[in-house]
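Report on one structure; see the data block that follows.
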Amino acid sequence: MATLEIRAPRQFNHTGDLPEYQVRNDPRNQDFDWESVRIDLSSCDFVRPPAVLWCTIYSLLVAEKGIPCELVVPSRHNVATYLNDLGMFAVLRDAGVGINHLEIPNTERWQLVLPLTRLRSISEVEDLENSLMENLERRDLSSTNLHADVTVVFAELGNNAVEHAQSPIDAYGLVQFYDWYPHPRFVCAVADGGIGIRASLRKNPEYSGNALTDWGAIEYSIQENTSGTSDRTRGMGLHHIANDILPPNRELNINSDSGFLHTDGKTLQTSSRRGNLFPGTSAFINVPA
Amino acid sequence: MPTLNLYETTKRRALSSRDTARSFAPRVNRELASGNGVCTLTIDFENMAVVTPSFFDELLHVINGRAPGDRSSAPVIDLTNTSQNQFARFRSVCKAHEMTTEKVGPDHWRISKA
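Same order as they appear, the protein sequences are chains A and B. Using our numbering, the first residue of the first sequence is number 1, and each one after it goes up by one. Using our numbering, the first residue of the second sequence is number 1, and each one after it goes up by one.
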């Protein structure tokens with residue numbers, strides 16, 4: 001097989017912006033037999049956090065298989081410095097992914113509350129959430145209640161990923177503050193390269209017989225007491241995020257395998273559909289500050 | 001009165017993991033044993049910034065799981081220094097555990113087996 005080349009568009013929000021025929025190649029599968037992979041971000045004018053996590057997870061899964069992977073950095077200097085400051089290049093370089101850029105100095109221009117960070121264990125997530133909380137309070141970026149909401153979201157998403165995903169590359173998360181006048185906001189994103197929500201739910205006998213789709217499984221997962229375990233009190237984390245933390249004016253996106261769910265905190269409408277493949281699960285929440 | 005102060009015990013202002021909640025089991029048993037038959041446990045949230053529903057769910061398992069199936073021995077639980085915002089995270093968990101909730105004072109809630 002030849003090189004799989006995935007070319008990102010100018011406005012790269014999430015995996016749904018990529019050509020389906022390119023991203024349907026799943027690096028978790030045994031029959032993923034490309035000789036090499038090249039992810040080209042050179043045309044990107046911006047790369048949003050869910051897209052950052054797709055690049056990270058996809059590249060790490062490819063590298064974990066021992067297949068050469070190269071990331072072509074954005075030509076626009078400020079986009080490249082953003083990804084560098086976020087820590088994406090360092091994470092990928094450490095895993096053996098080729099990064100085609102000369103040294104980019106850290107600018108600290110971006111208000112990163114938590115740069116792209118590997119989540120290996122439950123205790124690590126708990127350490128990070130305490131650091132996150134201290135960081136939010138020290139920088140006084142918004143109200144105390146909002147600091148708590150952002151921390152809870154990060155903790156629940158991080159714990160879910162570490163506990164249920166079975167990801168061979170662990171999970172990754174980030175929290176960023178966007179000081180956008182007149183609508184400043186936090187974004188919190190966590191992703192893994194694991195088995196996906198549908199496979200996780202199927203471990204529970206209650207769901208094993210259901211003809212679940214990937215998008216149907218995500219809808220189940222935000223309902224109360226839905227869990228891959230058989231414990232009837234579990235499955236609170238995503239439900240709490242989607243129903244209690246989300247309103248008002250907040251946005252939640254979950255992409256797991258070929259399922260995509262969007263919840264709009266303004267209308268409280270949830271829509272799920274078939275989407276482009278995410279090799280694992282990615283969750284993203286957008287919170288006005 | 002048997003009391004569990006989360007911050008004093010952990011020195012952490014954010015608690016989320018089920019593992020940490022399970023680590024409270026010896027302390028819960030000790031506190032309840034010290035109650036001389038008083039079956040009320042106070043959980044003090046002073047200085048806590050974040051306690052996730054998952055942590056709280058596991059803590060209820062630890063507390064209520066002391067005598068499986070025996071509802072009469074499940075303690076009444078007082079949650080003190082618990083803001084409205086914080087308690088809102090726990091309502092669904094209490095419901096799943098079939099526990100009733102009652103506001104008994106400012107930042108003070110009581111939950112018990114229905």
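Every residue, glycine too, gets a C-beta built ideally from N, C-alpha and C.
inquiry  = Just verifying my parser: in three-state terms, what is the DSSP assignment at isoleucine 122 of chain A?
reply    = Of the three classes helix, strand and coil, the one that applies to isoleucine 122 of chain A here is helix, per DSSP.
query = Where does histidine 14 of chain A fall in DSSP's three states?
reply = Coil.
request  = Provide the residue span of the beta strand (DSSP E) that contains cysteine 69 of chain A, from first to last.
outcome  = Annotation for cysteine 69 of chain A: the continuous beta strand (DSSP E) segment containing it runs 69-72.
For tryptophan 110 of chain A, three-class secondary structure by DSSP = DSSP places tryptophan 110 of chain A in coil when its eight states are reduced to three.
query = Could you give the distance in angstroms between the alpha-carbon of proline 279 of chain A and the alpha-carbon of leucine 119 of chain A?
reply = Rounded to the nearest angstrom, the two C-alpha atoms are 17 Å apart.
ask   = Can isoleucine 111 of chain B and leucine 79 of chain B be called in contact, C-beta distance under 8 Å?
value = Using a Cβ distance threshold of 8 Å, isoleucine 111 of chain B and leucine 79 of chain B count as a contacting pair.
ask   = By the 10 Å Cβ neighbour count, where 16 or more other Cβ atoms means buried, how is glycine 194 of chain A classified, buried or exposed?
value = Label assigned to glycine 194 of chain A: buried.
query = Okay, do the region 3-10 of chain A and the region 33-42 of chain A touch, 3+ Cβ pairs below 8 Å being the bar?
reply = Contact between the region 3-10 of chain A and the region 33-42 of chain A is present, with at least three C-beta pairs closer than 8 Å.
ask   = Taking only runs of the beta strand (DSSP E) that begin and end inside the region 21-64 of chain B, which ones reach a length of at least 3 residues, in chain order?
value = Correct list: 40-44.
request  = Alpha carbon to alpha carbon, how far is arginine 48 of chain A from aspartate 165 of chain A? Give it in angstroms, no decimals.
outcome  = Here residue 165 of chain A turns out to be alanine, not aspartate, going by the sequence shown. Distance between the alpha carbons of alanine 165 of chain A and arginine 48 of chain A is about 23 Å.
request  = Tell me where the alpha helix (DSSP H) around valine 62 of chain A begins and ends.
outcome  = First-last of the alpha helix (DSSP H) with valine 62 of chain A: 49-64.
Rounded separation between lysine 95 of chain B and glycine 66 of chain A - CA only = Distance between the alpha carbons of lysine 95 of chain B and glycine 66 of chain A is about 48 Å.
ask   = At least one CB of chain A closer than 8 Å to the CB of methionine 1 of chain B: is that the case?
value = Cβ-Cβ to chain A under 8 Å: no for methionine 1 of chain B.
task = Assuming phenylalanine 55 of chain B contacts leucine 15 of chain B (C-beta within less than 8 Å), just tell me the rounded distance between them.
result = About 5 Å; that satisfies the 8 Å criterion.
ask   = Just to confirm, does serine 75 of chain A get its C-beta within under 7 Å of one of the non-hydrogen atoms of the ligand HEM?
value = In the structure shown, the ligand HEM is absent, as is every other ligand, since no ligand is present at all.
inquiry  = Can you find the residues in the same chain that come closer than 6 Å, C-beta to C-beta, to glycine 16 of chain A, ignoring five residues on each side of it along the sequence?
reply    = Once the five neighbours on either side are set aside, the close Cβ partners of glycine 16 of chain A are Gly275 and Asn276.
message = For glycine 158 of chain A and alanine 148 of chain A, which I take to be in contact (beta-carbon distance under 8 Å), what is that distance rounded to the nearest angstrom?
response = The beta carbons of glycine 158 of chain A and alanine 148 of chain A sit about 15 Å from each other, so the pair does not count as a contact at 8 Å.
query = Using the C-alpha atoms, what's the distance from leucine 174 of chain A back to cysteine 188 of chain A?
reply = The alpha-carbon atoms of cysteine 188 of chain A and leucine 174 of chain A are separated by roughly 6 Å.
ask   = Using 8 Å as the limit for Cβ to Cβ distance, is glycine 69 of chain B near chain A?
value = The predicted model places glycine 69 of chain B with a pLDDT of 47, which falls under 50 and marks its position as unreliable; any figure quoted below should be read in that light. Against chain A, the CB of glycine 69 of chain B has no partner CB under 8 Å away; the residue lies outside that interface.
ask   = Tell me, which residues are paired with glutamate 206 of chain A by DSSP?
value = None, per the DSSP bridge assignment.
request  = Compute the beta-carbon to beta-carbon distance between glutamate 98 of chain B and lysine 113 of chain B, rounded to the nearest angstrom, for a pair I have assumed lies under 8 Å.
outcome  = About 7 Å separates the two Cβ atoms, so the contact holds.
task = Could you name the residues of chain A that arginine 110 of chain B contacts, counting a contact when the two beta carbons are closer than 8 Å?
result = Neighbours of arginine 110 of chain B on chain A: none; closest Cβ ~19 Å, over 8 Å.
query = Could you give the C-beta distance for phenylalanine 46 of chain A and valine 79 of chain A, rounded to a whole number, given that I count them as a contact under 8 Å?
reply = About 6 Å separates the two Cβ atoms, so the contact holds.
task = List the residues of chain B that methionine 133 of chain A touches, going by C-beta distances under 8 Å, in chain order.
result = The answer, in chain order, is Arg13, Ala14, Ala49 and Val50.
Own chain residues within Cβ distance below 7 Å of threonine 107 of chain A, not counting five before or after = Only Thr81 and Asp85 meet the Cβ criterion.
Minimum Cβ-Cβ distance from proline 53 of chain B to chain A less than 8 Å = It does; some Cβ of chain A falls within 8 Å.
query = Given arginine 198 of chain A, which residues of its chain have a CB within under 6 Å of its CB, disregarding the five upstream and five downstream residues?
reply = Non-local C-beta neighbours of arginine 198 of chain A in its own chain, meaning closer than 6 Å and more than five positions away in sequence, comprise Leu212, Asp214 and Ala217, ordered along the chain.
query = Measuring CB to CB, does leucine 238 of chain A end up less than 8 Å from isoleucine 222 of chain A?
reply = Taking the C-beta atoms as reference points, isoleucine 222 of chain A is found nearer than 8 Å to leucine 238 of chain A.
task = Just the C-alpha distance for histidine 61 of chain B and arginine 18 of chain B, rounded to the nearest angstrom, thanks.
result = Approximately 10 Å between the Cα atoms of the pair.
query = isoleucine 122 of chain A touches chain B at which residues, Cβ-Cβ below 9 Å?
reply = Ordered by position in chain B, the residues that pass the 9 Å Cβ test against isoleucine 122 of chain A are Ser16, Ser17, Arg18, Asp19 and Thr20.
Chain-ordered chain B contacts of alanine 189 of chain A [CB-CB under 9 Å] = The premise fails here: alanine 189 of chain A is roughly 17 Å from chain B at the closest Cβ pair, so nothing lies under 9 Å.
query = DSSP state of arginine 250 of chain A, grouped into three classes?
reply = If DSSP states are grouped into helix, strand and coil, arginine 250 of chain A belongs with coil.
Boundaries (first-last residue) of the alpha helix (DSSP H) holding serine 16 of chain B = Per DSSP, serine 16 of chain B belongs to no alpha helix (DSSP H) and is neither H nor E.
ask   = Is the beta carbon of threonine 52 of chain B sitting closer than 8 Å to the one on glutamate 137 of chain A?
value = No; because the gap between Cβ atoms is not below 8 Å, this pair is not in contact.
key: Expected contact under 8 Å - CB spacing of valine 97 of chain A and serine 59 of chain A to nearest Å   = Rounded, the Cβ-Cβ distance is 5 Å, consistent with contact.
request  = Starting from tyrosine 220 of chain A, follow the alpha helix (DSSP H) in both directions and report where the run begins and ends.
outcome  = Looking at the DSSP string, the run of the alpha helix (DSSP H) that includes tyrosine 220 of chain A is 214-221.
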